[in-house]
Structures are given as C-alpha cells and as structure tokens.
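What follows is a short report on a single structure.
Numbering (this note's numbering), first residue to last: 105 to 494.
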C-alpha cells in the first residue's frame, strides 16, 4: 500500500522515499533470514562445541535454555523476514533521526557503563565474590590463595560449616592444628570440590581418604582454581613435604571452562606462565552472560589441560609418589562430555572415574554432598591401596 503522504510529495522525492523504503525492507528481510539460518544452524552439536558444560547448571537446564534462545531467534528472524520488515522500513524512512539518536544513545550507554564498571576493582571469573568463605587473598603467581591462619564460617545447605585454614593455607580440622610436612602425607590438589565446599572437615574427600588409609592428608585445594592453578600450587608446595605418599587431583568437564580464562595468571600448553589479561568490563560481563568459546580456544584449552595433568603426574613421580586424577561423574555422562573428557584424560594419565548418583549434591549449591564425597574417597583409597601393593 502506498503511503498517502507520498501522493503530495514531488515525484523525485517520492521516488527516493520508495527506493529507500525498499532498500530497508530488503535489508531487514536479509537480516531476518540470517537469524533464521543461525537458529537452524546452531543445533545441539554446534552448541555443545561452543558452550561448554556448566557446573552450576544441570545439562537438561542448559539444553532447555539453549533451545528457548534458538526458538526466539528463529521467530524473530521469521517476523523480520515477513510482516515486520514493512514496519521497520516505515519507521526508518519516516524517522531516520530517531534511529540515529537511538544508536548514538546506545553507544553512549555502553561507554558510560564501561566507565562505571571501571570504578570497581576487576575480579577474575574464579573469584567474583571477595567476601565469600573461605576467604582468599591475591597472589602474584597463582591469582589468589586462601587467607592463612584463619577460621571462617558459612551457611551452606542449611548447615553452618567451619573452614579452618593453617598458616600454610591448607584446610585443617580446626584452629590451631597444622599439617606436619615431616610425616608421610597424601597430598590433595584441586578446587572447591576437593576443598570440601559445604562439608565438615571429616566429610571432605582428603580427610576421609586419610582416615581410611591411616595416613595424614594435606588439603591444598583452593576455591575457583583451574587445572593449571592446581598444578602451580602443587609445584610450589610439594617440595615442602618430606615423605609424600601420593598426589591426588581432580578433573571435571563441568569446570573445564575455567582453564580457558585469561583474566587471571595462567599457563599455556608449553607450561609457560602468563600474567592476567583482563578484558574491558563490558566484554567481561557479556562473556559471563553468554560464555561462547571458539573452536581454537577450546582446542588450546584441551592441549593445556592435558599438558598440565601430565606435568602433575611427572611432578609426583619425581618425588617417588604415585599420582591419581579422580574424575567425578554425576549420573549418565552425555556424549559431548564424554568426548571432552577422553580428549583430556587420555591413556597416559592415571585416572579414576567415579560415577555418582545425580542427587548426591548439596541443596541449592550443586557441590558433592557428604555421601558423594564418601563414595569418591572410598574409590580413591581403594586405588591407592592397590598401587601401594604392587
């Protein structure tokens, strides 16, 4: 239908408006078709490649969210390619200044948001909440470590949990106790799962393995660590122990994404250390909300993680101790997660997969509960006993 206002406009002006509106309609339709193509092309296989497993979101939730977003993109694209293109063209040709003003306002809003966010101290993805228990403090080499000689308490899953940390930064049973580095010791590296988030000391994996084998355990785990940080901490601390019995670390595909972060100190596949590379605040926020990863980034992360785990094994063997990478698996492992695990924990890395009931998690927290920790500890203790008997 012809716009009535065009009937009174000079022919050249009317022709220009029609041509402009047609161009906008075509551009809008093309944009809509692109969105439809994106929705169709971003199938589950593509999404699994570029959006890695999440520790805090069960896979079925993750897939559901991805499906909703795909449908929304497809519907929006279909509307733009059909009826909505006329409305968009009419708005652009009638009020071009409004469109330009809106674009400028959006750009200024982003710039203002970046300036506001820059007023706050940037925090790495693995340590977003500074007041979280157990407390951490900055470290130039590792990014952060546990605050030493401190007892903190946190309410987790309806229980008040005490986190006691000795002067070396290791979790211990209570205030005033410390790990004796002269005694035979099983050394545990990891992050919040190995540390025992939401668990009493006696419920943690290191404490239970130590009790089962009658050997002192040293819990070196630190919340938010990637696999490379775990290795670096072990490399620093292992020389302090006179008689290491074994070195146990943990890997989960659900936390593999941390190994791709460069907003904290990190290692590459050659084990070369790099300082943190903080991105603009707006970019960091967008990446947190939409954690898209390129194929090249994932491949580099796989290579680095594999190299770090191998280096951890060699580190332990150099001290005459066996190494073990425990791999907790909650419920049935999805094919994409299985493929990722197999790419990383290959035949050259001594590993132990432990399948757990998906319900063995802390309420509203998703960390392993005491029952899951016991199952992991029993499997680890059995494997270490066998390795010592060989």
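Virtual Cβ for every residue (Gly too), placed ideally from N, Cα, C.
- Membership of residue 267 in the beta strand (DSSP E) is indicated by the continuous run 263 to 269.
- Ranked by how close their Cα comes to the Cα of residue 347, the residues 162, 242, 291, 165 have 291 in first place.
- Rounded to whole angstroms, the gap between the alpha carbons of residue 334 and residue 248 is 11 Å.
- Per DSSP, reduced to three states, the secondary structure at residue 241 is strand.
- Straight through space, the alpha carbons of residue 472 and residue 478 are spaced by roughly 10 Å.
- Apart from the 5 residues on each side of it in sequence, residue 324 sits with its Cβ closer than 7 Å to the Cβ of 274, 291, 292, 293, 337, 338, 341 in its chain, given in chain order.
- Residue 454 and residue 417 have their C-alpha atoms spaced approximately 8 Å apart.
- Contact between residue 456 and residue 476 fails: their C-beta atoms lie close to 14 Å from each other, not under 8 Å.
- Taking one beta carbon from each stretch, the segment 368 to 375 and the segment 296 to 314 have fewer than 3 pairs nearer than 8 Å; the two do not touch.
- Under the 10 Å beta carbon count, residue 147 is surrounded by fewer than 16 other beta carbons and is classified as exposed.
- Only residues of its own chain outside the window of five on either side were considered, and among them none has a CB closer than 6 Å to the CB of residue 131.
- When secondary structure is reduced to three states using DSSP, residue 158 falls in the coil class, being assigned neither helix nor strand.
- With 16 or more other CB atoms across the displayed protein chains lying within 10 angstroms of its CB, residue 267 is buried.
- Contact between the segment 440 to 454 and the segment 398 to 411 is present: three or more C-beta pairs spanning the two stretches fall below 8 Å.
- For the 8 Å CB-CB criterion, residue 246 and residue 238 do not form a contact.
- Exposure of residue 126 is indicated by the presence of fewer than 16 other C-beta atoms within 10 angstroms of its C-beta.
- Per the coordinates, the alpha-carbon of residue 458 lies some 31 Å from the alpha-carbon of residue 255.
- Per DSSP, the continuous alpha helix (DSSP H) segment holding residue 296 begins and ends at 296 to 299.
- Between residue 449 and residue 183, the alpha-carbon positions lie close to 46 Å from each other.
- Linking residue 396 to residue 481 through their CA atoms gives a straight-line distance of about 34 Å.
- The C-beta separation of residue 330 from residue 230 comes to about 7 Å, placing the pair in contact by the 8 Å criterion.
- In the three-state reduction of the DSSP assignment, residue 453 falls in the coil class, being assigned neither a helical nor a strand state.
- Taken through DSSP and simplified to helix, strand or coil, residue 340 comes out as helix.
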